[in-house]
Amino acid sequence: MIGELIEIRGKKLYVETFGEKELPAVLYLHGGPGEGSHDFYYHQAKRLGEHVRLIIIDQRGVCRSEGIEEGEAFGLRDLVEDCEALRNYFGIERWSVIGHSFGGFLALLYASAYPGSIEKIIFEGPTFDFELTSRSLIRKTSCLLEKYGQRDLAEQGRELAEADVSIRELTEGYMELSDHLGEHRMEIYRYNHDNPTDYESYHSEEEWDEFYDRSEFHYDLLREEGEVFRSLLPLLSTVPNPMLLALGKFDATTCEKQIKAFQHDAPNGSVTIFEHSGHTPHYEEPDAFKEEVLRFINEETA
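Mapping of the sequence shown onto this note's numbering: position 282 corresponds to residue 283, and the numbering continues sequentially without gaps.
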């Protein structure tokens with residue numbers, strides 16, 4: 002195991018740290034919910050760790066962190082408070098945050114709650130609104146279902162994308178619909194397939210299965226609580242920190258409405274596009290991603 006288990010607010014979190022303590026501190030928040038952080042470690046720990054003090058975690062109840070027990074109190078706010086408690090644990094005055102996908106949602110919540118704890122925020126292919134993201138992903142899934150000859154399911158998807166249903170129904174409908182793509186499912190997210198992630202050298206298949214069972218329970222609880230279905234778009238105008246929206250050109254997660262809201266409302270926001278990426282520039286274009294992160298982190302602010 003590369004990292005260590007650190008007890009934060011009564012729960013053991015899996016934490017990896019890279020780089021010298023004197024370097025600018027950066028926290029990475031993975032997506033999912035429940036995706037885990039191994040792919041970011043694999044592609045970015047060495048690249049970024051030479052230039053920043055990089056802290057990578059599996060969030061509470063996810064993958065290599067301690068699992069959440071049946072009946073244990075847990076909600077979205079716990080993930081925010083864990084970030085702040087971890088900053089205090091390491092004695093870091095202020096740090097920057099990279100949030101990928103759902104990690105961007107969490108990073109915006111964290112910045113809204115504790116703006117003084119954060120220097121800068123990088124949103125990599127984020128969702129700020131589960132409804133908008135779900136509708137966008139359903140449309141892309143429908144196109145792929147059509148491509149692979151599943152026309153009836155494609156039509157179901159197109160109808161669902163426009164349906165007047167709850168956000169949870171949209172999100173779970175997307176999960177169910179996308180499963181029908183089978184081996185083609187990652188085409189929803191990935192454009193550049195040149196940089197695979199090695200999982201097998203680090204843990205056995207049985208261990209990964211156990212890790213993802215924990216993650217699935219984590220996501221089940223968040224959906225049951227329902228706070229993840231609250232749009233965070235109104236928060237964009239309230240966060241004063243410098244913010245970078247880092248998007249893959251072929252990603253459907255951060256749909257046009259969310260991009261326009263960011264451009265219009267974020268008081269200190271900028272946008273960069275990775276021309277050869279889908280949802281995950283940090284491994285689809287790892288060198289370009291590293292350079293963009295360092296440029297933004299080291300950029301002088303007024």
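All C-beta atoms in this analysis are idealised placements derived from N, C-alpha and C, irrespective of residue type, glycine included. Since this is a predicted model, take the numbers as computed values, not measurements.
Minimum C-alpha distance to residue i - residue among the options
i	options	result
S143	A253, I3, E5	A253
I58	R48, R215, D83	D83
G1	E177, E201, E23, R191	Outside the modelled stretch of the chain, which goes from 2 to 303, sits residue 1, for which no answer is possible.
S179	R169, K141, Y203	K141
F290	E301, Y175, T273, P243	T273
E257	E207, Q157, R152, P127	P127
I7	F131, N89, H52	N89
R191	T302, E120, Y284, R152	Y284
T255	E206, F131, E226	F131
R10	E85, E94, P25, H101	E85
E94	D288, D195, E177, P25	P25
D288	D195, E160, T239	D195
G72	F275, T239, E225	E225
Q151	G183, E206, L49, E207	G183
Contact test: residue i Cβ vs the ligand ADP heavy atom, cutoff 7 Å
i	result
N269	Although the ligand ADP was asked about, the structure shown includes no ligands whatsoever.
C-beta atoms of residue i and residue j nearer than 8 Å
i	j	result
H185	G62	no
L146	L133	no
H277	N193	yes
I99	L14	no
I122	A112	yes
L55	G32	no
W96	V166	no
Y200	H39	yes
P241	P268	yes
L87	Q60	no
L237	A262	yes
S135	I189	no
S260	V53	A small fix is needed here, since residue 260 is Ile in this sequence, not Ser. No, Cβ-Cβ distance for I260 and V53 is not below 8 Å.
G249	G279	yes
Cβ distance (whole Å) where residue i is taken to contact residue j below 8 Å
i	j	result
L233	P34	Not confirmed; about 14 Å, so no contact.
F129	F106	6 Å
A247	E125	5 Å
I139	G117	Actually they are not in contact, since the Cβ atoms of I139 and G117 sit about 38 Å apart, beyond 8 Å.
G37	S202	With 8 Å as the limit, G37 and S202 do not qualify as a contact, their Cβ atoms being about 16 Å apart.
For residue j and residue i, the rounded distance between their alpha carbons
i	j	result
Y42	E17	8 Å
L77	A108	12 Å
F75	T281	28 Å
H204	R65	10 Å
E70	M187	30 Å
K12	F230	25 Å
E173	P235	24 Å
K148	Y175	17 Å
S137	M244	23 Å
D221	H181	20 Å
E211	G68	10 Å
I3	W209	15 Å
E286	A164	35 Å
E301	E293	14 Å
I119	S271	17 Å
F251	E5	35 Å
F275	T239	27 Å
E206	G50	28 Å
E160	H101	29 Å
A162	E170	11 Å
E156	H44	37 Å
R48	L110	27 Å
Closer than 8 Å to chain B by CB, residue i
i	result
S216	Absent from the structure is chain B; it holds one protein chain and no more.
* Which runs of the alpha helix (DSSP H) fall wholly inside the stretch 184-212 and span at least 4 residues, in chain order? -> none
* **Those runs of the alpha helix (DSSP H) which lie wholly inside the stretch 102-183 and span at least 4 residues** => 103-114, 131-148, 152-163, 168-180
* Which runs of the beta strand (DSSP E) spanning at least 3 residues fall entirely within the stretch 18-45, listed in chain order? -> 26-30
* Please specify which runs of the beta strand (DSSP E), each continuous and at least 3 residues long, are wholly inside the stretch 242-272, giving them in chain order. => 244-249
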